[in-house]
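K.L.:
What follows is a single structure, and I will ask about it in a moment.
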Amino acid sequence: MKSIFIIACALLAAVAVPASAQNFPAKPVRLVVPFPPGGPADSLGRLLAEKLKQSWGESVIVENRGGAGGNIGAEAVAKAAPDGYTLLLNASNHVINSALLDKMPFDPIKDFTPITEVASYMLVLVVHPSVQANSLRELVALARSKPKSLLIANAGNGTPTHLTAALFAQAANIDAVHVPYKGAAPANTDLLGGQVHAMFNNPVNALPQVKAGKLRALAVTGAKRTELMPDLPTVAESGYPGFEATTWYGLFGPAGIPREVAERIHEHVLKALHSKDVQAKLAPQGWDIVGSSQPDFAAFLVAETEKWTRVVKGAGIKPD
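Residue numbers for the sequence shown follow the numbering used here, beginning at 1 and rising by one.
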């Protein structure tokens with residue numbers, strides 16, 4: 001009789017998980033954005049939160065927990081209850097930090113449930129008009145003719161703009177000088193002034209300056225061309241097959257979220273991403289909506305970790 005009772009309880013528990021997943025969420029969901037308000041992650045997070053609120057009928061509260069390159073907010077989510085009510089919207093630094101830092105407060109792969117890669121944007125390689133290069137090949141030839149003469153600005157040591165430049169320098173076999181700034185804005189200011197020669201910048205910052213004739217665009221770092229400037233070739237098309245570097249944003253939960261709950265979150269996030277109003281807001285800003293499957297996102301995280309670890313170690317990059 002006792003064994004029958006145990007089996008019955010197990011069956012009830014098995015049935016209860018899908019039922020609870022069907023009713024998810026039954027209370028407000030917390031979406032941690034590990035950066036200050038006002039940046040790309042914050043804007044993307046608030047847009048996603050609003051769409052999920054409409055879909056679920058429950059509030060999705062965006063909580064900005066910046067600091068330590070995103071690690072403070074990410075650590076809080078890693079330690080949260082794995083029930084789906086605490087989620088993380090993090091950027092590429094989720095895996096980049098593990099390559100940069102000797103010690104991490106969490107494992108970026110094992111301590112999280114990957115939900116989906118939400119969106120990404122490619123970078124644009126722009127140069128000051130005084131640079132005698134109208135194509136990527138010409139820029140590489142110029143850099144090779146005068147080692148350590150090409151000054152490439154970036155938004156800070158270890159940022160995607162820095163690592164993309166380092167990845168390109170390795171691929172092109174050039175010896176360039178990487179010039180770190182405290183953010184993209186001062187780097188862009190010095191590029192416009194000619195104090196530095198080039199920068200891998202995001203489309204929102206770069207393309208208006210290109211269209212105004214203040215900078216020259218040579219290539220984009222995506223796997224395909226951007227619809228914002230369809231005549232601009234990719235780095236891969238310009239002689240470096242397989243080259244791809246994007247700044248991506250992904251959705252995570254703590255490790256151990258029930259499969260059915262994670263699948264429900266994934267389903268509704270994809271529904272939000274493919275809505276016409278979300279696409280209309282993101283596309284003009286250079287965003288590429290992704291919405292990957294959970295297995296694909298998990299594999300992507302491993303590949304990104306390996307890629308950026310090779311770049312960091314190869315270039316000897318250290319955090320500030």
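In this text, a Cβ means the ideal position worked out from N, Cα and C, and glycines have one as well.
Considering just the uninterrupted stretch of the beta strand (DSSP E) at residue 283, what are its terminal residues?
P.N.:
Here residue 283 refers to the residue found at position 283 when the sequence shown is read from its first residue. Residue 283 -> no beta strand (DSSP E), and no H or E assigned at all.
K.L.:
Going by CA-CA distance only, name the one from 159, 227, 241 that's closest to residue 101.
P.N.:
Within the sequence shown, residue 101 is the residue found at index 101, counting from 1. Looking at the Cα atoms, 159 is the closest of the given residues.
K.L.:
For residue 51, is the classification buried or exposed, using 16 other Cβ atoms within 10 angstroms of its Cβ as the cut-off for buried?
P.N.:
Stepping through the sequence shown from its first residue, residue 51 is reached at position 51. Classification of residue 51: buried, given that the 10 Å Cβ count is 16 or more.
K.L.:
Would you list the residues sitting across from residue 253 in a DSSP beta bridge?
P.N.:
The residue given as residue 253 occupies position 253 in the sequence shown. Answer by DSSP bridge pairing, in chain order: 113.
K.L.:
Taking the continuous alpha helix (DSSP H) assigned at residue 259, which residues delimit it?
P.N.:
The count along the sequence shown starts at 1 and reaches residue 259 at position 259. Run containing residue 259: 259-273, per the alpha helix (DSSP H) assignment.
K.L.:
Does residue 312 come out as helix, strand or coil in the three-state DSSP assignment?
P.N.:
Walking along the sequence shown from the start, residue 312 turns up at place 312. In this structure, residue 312 counts as helix in the three-state DSSP scheme.
K.L.:
Using the DSSP secondary-structure output, state which residues sit across from residue 56 in a beta bridge.
P.N.:
In the sequence shown, counting from the first residue as 1, residue 56 sits at position 56. Per DSSP, none; premise fails for residue 56.
K.L.:
Could you name the residues of the same chain whose beta carbon sits closer than 8 Å to that of residue 129, not counting the 5 residues immediately before and after it, in chain order?
P.N.:
In the sequence shown, residue 129 corresponds to position 129, counting from 1. 213, 214, 215, 216.
K.L.:
Compare the C-alpha of residue 89 against each of 104, 98, 72 and name the closest.
P.N.:
Taking the sequence shown and counting its residues from 1, the one referred to as residue 89 is at position 89. Looking at the Cα atoms, 72 is the closest of the given residues.
K.L.:
Within 10 angstroms of the Cβ of residue 312, are there 16 or more other Cβ atoms? Answer buried if so, exposed if not.
P.N.:
Position 312 of the sequence shown, counted from the start, is the residue given in the question as residue 312. Buried is the call here.
K.L.:
Thinking C-alpha only, which one of 195, 163, 126 is nearest residue 305?
P.N.:
Residue numbering aside, residue 305 sits at position 305 when the sequence shown is read from its first letter. The shortest C-alpha separation from residue 305 is found at 163.
K.L.:
Whether or not the region 51-71 and the region 290-302 are in contact is what I'm after, with contact meaning three or more pairs of Cβ atoms, one per stretch, closer than 8 Å; do they touch?
P.N.:
No contact exists between the region 290-302 and the region 51-71.
K.L.:
Could you check where the beta strand (DSSP E) with residue 200 kicks off and where it finishes?
P.N.:
If you number the sequence shown from 1, residue 200 lands on position 200. Its beta strand (DSSP E) spans residues 198-201.
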